Amino acid sequence: MAKKPLKRAVRNNLVGWAFLSLWTIGFIAFMAYPLVLSLYYSLAKVTLSGEGILVDFVGFDNYRQIFSSAAGFSFLQSVRDFALEILFKVPVITVFAIIIAVLLNQKLKLRGLFRAIYFLPVIIASGPVINQLINQGAATIPLVEELGIIDLINNTFTEAIAVPLGNVFSELIVILWFSGVQILLFIAALQKIDRSTYEAAMIDGAGPWESFWKITMPALKSMVTVSIVFTIINLATFSENKAILHIKNNMFALETGFGFSSAVAWIYFLALAVILGIAMLAIKLFMKEKVRR
Amino acid sequence: MMNPNVKQKIKHFLIGKNPSEGFIGRIVTYGLLIIIGFVYLYPLIKMFVYSIKDLEDLVNPTVDWIPTKLYLENYRTSWIVLNYGKTLMFSLLVTLVPAVLQTITTSLTGYALAKFKVKGRIIVFALILITYLVPSQIYMIPKFVLFDKFNILASAWAIILPATFGQGLSSAIFVLIFYQFFRMQPVALDESAEIDGANQFQIFYKIGVPLALPAYLTSFLFSFVWYWNETYISSLFLGENLYTLQLRLFNFQSQFNLATGLSQQAVNEAIKYSATILIILPVLVVYIIMQKWFVEGIDRTGVTGE
Numbered sequence: 000m001a002k003k004p005l006k007r008a009v010r011n012n013l014v015g016w017a018f019l020s021l022w023t024i025g026f027i028a029f030m031a032y033p034l035v036l037s038l039y040y041s042l043a044k045v046t047l048s049g050e051g052i053l054v055d056f057v058g059f060d061n062y063r064q065i066f067s068s069a070a071g072f073s074f075l076q077s078v079r080d081f082a083l084e085i086l087f088k089v090p091v092i093t094v095f096a097i098i099i100a101v102l103l104n105q106k107l108k109l110r111g112l113f114r115a116i117y118f119l120p121v122i123i124a125s126g127p128v129i130n131q132l133i134n135q136g137a138a139t140i141p142l143v144e145e146l147g148i149i150d151l152i153n154n155t156f157t158e159a160i161a162v163p164l165g166n167v168f169s170e171l172i173v174i175l176w177f178s179g180v181q182i183l184l185f186i187a188a189l190q191k192i193d194r195s196t197y198e199a200a201m202i203d204g205a206g207p208w209e210s211f212w213k214i215t216m217p218a219l220k221s222m223v224t225v226s227i228v229f230t231i232i233n234l235a236t237f238s239e240n241k242a243i244l245h246i247k248n249n250m251f252a253l254e255t256g257f258g259f260s261s262a263v264a265w266i267y268f269l270a271l272a273v274i275l276g277i278a279m280l281a282i283k284l285f286m287k288e289k290v291r292r
Numbered sequence: 000m001m002n003p004n005v006k007q008k009i010k011h012f013l014i015g016k017n018p019s020e021g022f023i024g025r026i027v028t029y030g031l032l033i034i035i036g037f038v039y040l041y042p043l044i045k046m047f048v049y050s051i052k053d054l055e056d057l058v059n060p061t062v063d064w065i066p067t068k069l070y071l072e073n074y075r076t077s078w079i080v081l082n083y084g085k086t087l088m089f090s091l092l093v094t095l096v097p098a099v100l101q102t103i104t105t106s107l108t109g110y111a112l113a114k115f116k117v118k119g120r121i122i123v124f125a126l127i128l129i130t131y132l133v134p135s136q137i138y139m140i141p142k143f144v145l146f147d148k149f150n151i152l153a154s155a156w157a158i159i160l161p162a163t164f165g166q167g168l169s170s171a172i173f174v175l176i177f178y179q180f181f182r183m184q185p186v187a188l189d190e191s192a193e194i195d196g197a198n199q200f201q202i203f204y205k206i207g208v209p210l211a212l213p214a215y216l217t218s219f220l221f222s223f224v225w226y227w228n229e230t231y232i233s234s235l236f237l238g239e240n241l242y243t244l245q246l247r248l249f250n251f252q253s254q255f256n257l258a259t260g261l262s263q264q265a266v267n268e269a270i271k272y273s274a275t276i277l278i279i280l281p282v283l284v285v286y287i288i289m290q291k292w293f294v295e296g297i298d299r300t301g302v303t304g305e
C-alpha cells in the first residue's frame with residue numbers, strides 16, 4: 000500500500016487533537032468522570048469503611064433530606080445569606096473597581112506605584128490571611144461603628160436584610176480586598192479607548208458626566224459582565240464561604256457523609272446558576288437602560 | 000473687579016480644559032487614590048508594626064505606631080511554630096510545580112484552539128467554560144475517592160497531577176488567555192515556517208512560544224499566586240500530616256501549642272501578625288520583583304477580547 004500524504008484538513012485535525020490530548024485526558028479523568036460520579040453519589044448513601052467505600056443507592060433521599068433536616072436547613076440558610084450578600088457586595092465591588100480603574104487610567108505621577116498597591120489584594124488575599132485580617136480587626140473602619148451605621152441599619156430593616164447589609168458595612172474593607180482582579184480588567188478595557196474620543200466629545204460640548212456614560216461605560220460594557228461573573232464565582236467558591244464549609248463539613252460528618260454532601264453541592268451549583276442567570280439578566284436590563292442612549 | 004482674563008486663568012488652573020486635568024480634579028484624584036490605597040496598605044503596616052512589638056509595647060497604650068524597640072522574638076516563635084524552612088519547601092513544591100505544568104498544558108490547549116480548526120472545537124470551548132463555572136466542591140468528593148484509589152492522596156501528586164492535565168486552579172482562564180494571545184499572532188509566520196519545512200510542533204516551539212512570552216509569564220505568575228493562596232483543595236487532599244504555610248497559619252493556635260508546649264492563650268497578636276507576614280513574604284518578594292509583569296500582563300495578553 001502506497002503511503003499517501005494525508006489531506007491538509009485531516010492532518011490539521013490530527014495535530015490539533017495532539018495538542019489537545021493532555022487537556023482531553025485531564026478533562027475526562029479529573030472533570031467528567033468525577034462529575035458523573037458525584038451525581039451518582041448524590042443519589043446514594045455513601046459510607047467509608049475499612050475495605051473502602053460502600054455505595055447504597057437511595058434515590059432522591061439526600062435531596063429530600065436537604066429540605067427537611069436540620070443540616071439541610073442550615074445549608075439552605077447559608078445559601079440565602081450568600082445570595083443576599085451578593086446582592087450588596089457585587090454592586091459595591093463593581094462600582095468601586097470601575098471608579099478606581101478610571102482614576103488609575105488617568106495620566107498620573109507614580110502611576111506604577113498606585114497600580115502596584117491596588118493589585119496587592121490579589122497577591123495576598125488567601126482565606127487564612129483574610130481571616131487573620133478580620134479577626135485582628137485590621138479590616139474594619141472604626142468610623143462605621145462610631146457613626147452608628149450598623150445600629151441604624153438594624154433599626155430600619157428586617158433582620159433578613161439588616162444582617163447582610165450590616166455585614167457589607169462592617170466588612171467594607173474586606174470587600175475591597177476582593178476587587179483587585181476586577182480593577183485590572185477594567186483598566187485593560189479602558190486603555191483601549193482612544194483619548195481623542197474624549198476630546199472630540201468635549202468639543203461637541205459633552206461634560207465629564209456625559210462622556211463617562213456615553214464613551215467610558217459602553218467600552219466597559221462587556222467587561223462589566225466578565226467582572227460580575229468573576230466576582231460571583233470568586234465569592235461563591237471562596238474557601239471561607241459558609242455554604243462551602245457546609246459541603247466540606249458534611250463530607251466527614253457521621254450522619255450525613257459523601258452522599259448528602261454531594262447532593263448539597265449540586266443544589267449549591269443550581270443555586271449558583273440561578274444567581275448567575277439573574278445577575279446576567281439584571282446587567283442586560285441595566286445596560287439597556289443606562290448605556291447607549 | 001477681577002480682570003476677566005485672570006478669572007479665566009484661575010478657572011483654567013482650577014478646573015482645566017478637562018475637569019480631570021484641572022487642579023481640583025487632580026486633588027480629588029490623588030486624594031481618593033491615596034486614601035483608598037492607604038486602606039490596602041493599612042493592615043499591612045499595622046501587621047508589620049505590631050509584629051515587632053514585645054509584650055511590654057503591646058500592652059502599653061502610649062505605644063501605638065512606633066514600637067520602642069525592634070523585637071524579633073515574635074518572628075523566631077512563628078518561624079518555629081510554622082516550621083518555616085520545611086513548610087516553605089513543601090509549599091513551593093505544591094505551588095511552583097503545578098504552576099509551571101499548568102501553564103505549559105493550558106498553552107498547548109489554547110494553541111490548538113487558536114491555530115487548528117479541529118472538529119469539535121466549539122464543544123471543547125463549551126466544556127472549558129463549564130469547568131470554570133462548576134464549583135469545585137461538586138467534584139471534590141469523587142476526586143477524593145479517585146485519588147484515594149490511585150493512592151496519591153496525602154501527597155503532592157494530588158495537587159500536581161490535575162495541573163499537569165490542564166485541570167488545575169482556574170485552568171480555564173489560562174486556556175482563554177493563551178487562546179486570545181495565539182489567535183493574534185499572524186498566520187503568515189507559521190506558513191513561511193511550514194514552507195521552510197518545519198513541522199507543526201517545531202512551529203509551536205520556535206515561533207508560537209517565543210512570541211507568546213508575555214502570556215506565559217502572566218499565566219505562570221497568576222498560577223503561582225493562586226496556588227500559593229489556595230487552601231481548600233490542599234486542606235482536603237493533603238490530609239492531616241502535610242501542611243502548606245497557609246494551612247499552618249490556619250491552624251496556628253493549635254500548632255503553637257504543639258510546637259512550644261505553651262498554652263494556646265500565650266499566642267498574642269504580635270506573634271500571629273509575624274506569622275502572617277512570614278506567609279505573605281514569599282509572594283510579596285515575587286510580586287515586587289515582577290510587579291511590572293503582573294500589572295501590564297493583562298493588557299498584553301488581550302484577555303479583554305477584541
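Top to bottom, those sequences are chains A and B. The first sequence runs contiguously to residue 292 in numbering that gives the first Met the number 0. The second sequence runs contiguously to residue 305 in numbering that gives the first Met the number 0. Note that the Cβ used here is the ideal one computed from N, Cα and C, for glycine as well. Keep in mind the model is a prediction, meaning the values are calculated, not measured.
Any Cβ of chain A closer than 7 Å to the Cβ of B/L91 would place that residue at the interface, and such an atom is absent. Spanning the alpha carbons of B/S169 and B/F223 requires a straight line of approximately 11 Å. A/K44 is bridged by DSSP to A/D55. For B/W156, the enclosing alpha helix (DSSP H) starts and ends at 156–163. For the options B/V27, B/V285, B/L210, the alpha carbon positioned closest to that of A/I99 is the one of B/V27. Considering only A/F18, A/G71, A/L53, the residue with the shortest C-alpha distance to A/D60 is A/G71. Between B/Q290 and B/P161, the alpha-carbon positions lie close to 28 Å from each other. Taking a Cβ-Cβ cut-off of 8 Å, the neighbours of A/N11 in chain B comprise F115, K116, V117, given in sequence order. Counted as a single uninterrupted DSSP element, the alpha helix (DSSP H) harbouring A/T196 occupies residues 194–202.
Taking 8 Å as the upper bound for CB-CB distance, A/F118 and A/L189 are not in contact here, some 15 Å apart. The criterion of a C-beta distance shorter than 7 Å is not satisfied by A/N249 and A/S261. Burial state of A/Q76 is exposed, judged by a 10 Å Cβ sphere holding fewer than 16 other Cβ atoms. At a Cβ-Cβ threshold of 7 Å, A/K220 and A/M286 count as neighbours. Annotation: B/K85 to B/D195 spans about 51 Å, alpha carbon to alpha carbon. By the criterion of a C-beta distance shorter than 6 Å, A/T224 is surrounded in its chain by I282, once the five residues flanking it on both sides are discounted. Looking at A/L284, A/F257, A/L13, the one whose alpha-carbon comes closest to that of A/Y62 is A/F257. Selection B/F219, B/P66, B/Q179 evaluated against B/M46 yields B/P66 as nearest (Cα-Cα).
Contact annotation for B/L40 against chain A: I116, L119 [CB-CB distance below 9 Å, chain order]. With contacts defined as CB atoms closer than 7 Å, B/A274 and B/S77 qualify as a contacting pair. Identification of residues in the region 247–278 of chain B having a C-beta nearer than 8 Å to some C-beta of chain A yields L248, F249, E268, K271, Y272, T275, I278, given in sequence order. Contact check for B/I176 against B/A192 fails: the beta carbons are separated by 7 Å or more.
For the set A/F185, A/I116, A/W16, the Cα lying nearest the Cα of A/M222 is the one of A/F185. Between the beta-carbon of B/I137 and that of A/L34 there is about 7 Å, and that keeps the pair under the 8 Å contact cut. Residues of chain B whose Cβ lies closer than 7 Å to the Cβ of A/S260 are, in chain order, I140.
When C-beta atoms of the region 87–95 of chain B are compared with those of the region 139–159 of chain B, three or more pairs fall below 8 Å, so the two segments count as touching. Contact annotation, A/I160 with A/L112: C-beta distance approximately 40 Å; criterion of less than 8 Å not satisfied. Below the 8 Å Cβ cutoff, chain B contributes no neighbours of A/I85, its closest Cβ being approximately 14 Å away.
Three or more beta-carbon pairs separated by less than 8 Å link the region 15–22 of chain A to the region 114–133 of chain B, which places the two stretches in contact. Proximity of A/L19 to chain B, defined by a Cβ-Cβ separation below 7 Å, is satisfied. Closer than 7 Å to the CB of A/Q131 there is at least one CB belonging to chain B. Remark: C-beta atoms of B/F180 and B/S218 do not approach each other more closely than 7 Å.
Contact annotation: the region 23–43 of chain A touches the region 131–150 of chain B, with at least three C-beta pairs closer than 8 Å.
Less than 7 Å divides the Cβ of B/G165 from the Cβ of B/T108.
Shortest Cα-Cα distance from B/V266 to any of B/L244, B/Q252, B/N228 involves B/Q252. Rounded to whole angstroms, the gap between the alpha carbons of A/A218 and B/A171 is 24 Å.
The region 99–159 of chain B contains, as complete alpha helix (DSSP H) runs of 4+ residues, the segments 120–132, 135–149 (chain order).
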